[in-house]
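Notes to accompany the following structure.
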Amino acid sequence: HVERIVKDVFTSYGGSALDTPVFERKDQLALRYDHIVPLARYLAMAGATVQAKIWQVGKVYRRDNPVMSKG
């Protein structure tokens, strides 16, 4: 429910959804760590030279072992 609200708000302000694959590299099996690298790659490949309203909501994966005491 919350995800749908967030998407609706971003869209109502003129934002465009960006959907990138879960697997980040073809040479290695790598799950996407966050959304920064796929967004930067998209903007570079599109030749974006102006500001854009792009949003992305989705799962990200990490290989570290989080510790609750570290925040």
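So for the sequence shown, the numbering used here puts the first residue at 2; every next one is plus one.
No residue lacks a Cβ here, since even glycine has one placed at the ideal position from N, Cα and C.
Assigned with DSSP and collapsed to three states, A18 falls in strand. Rounded to the nearest angstrom, the gap between the Cα atoms of K60 and V10 is 19 Å.
Taking every protein chain shown into account, the CB of P39 has 16 or more other CB atoms within 10 angstroms, so this residue is buried.
The C-alpha of K8 lies about 18 Å from the C-alpha of D35.
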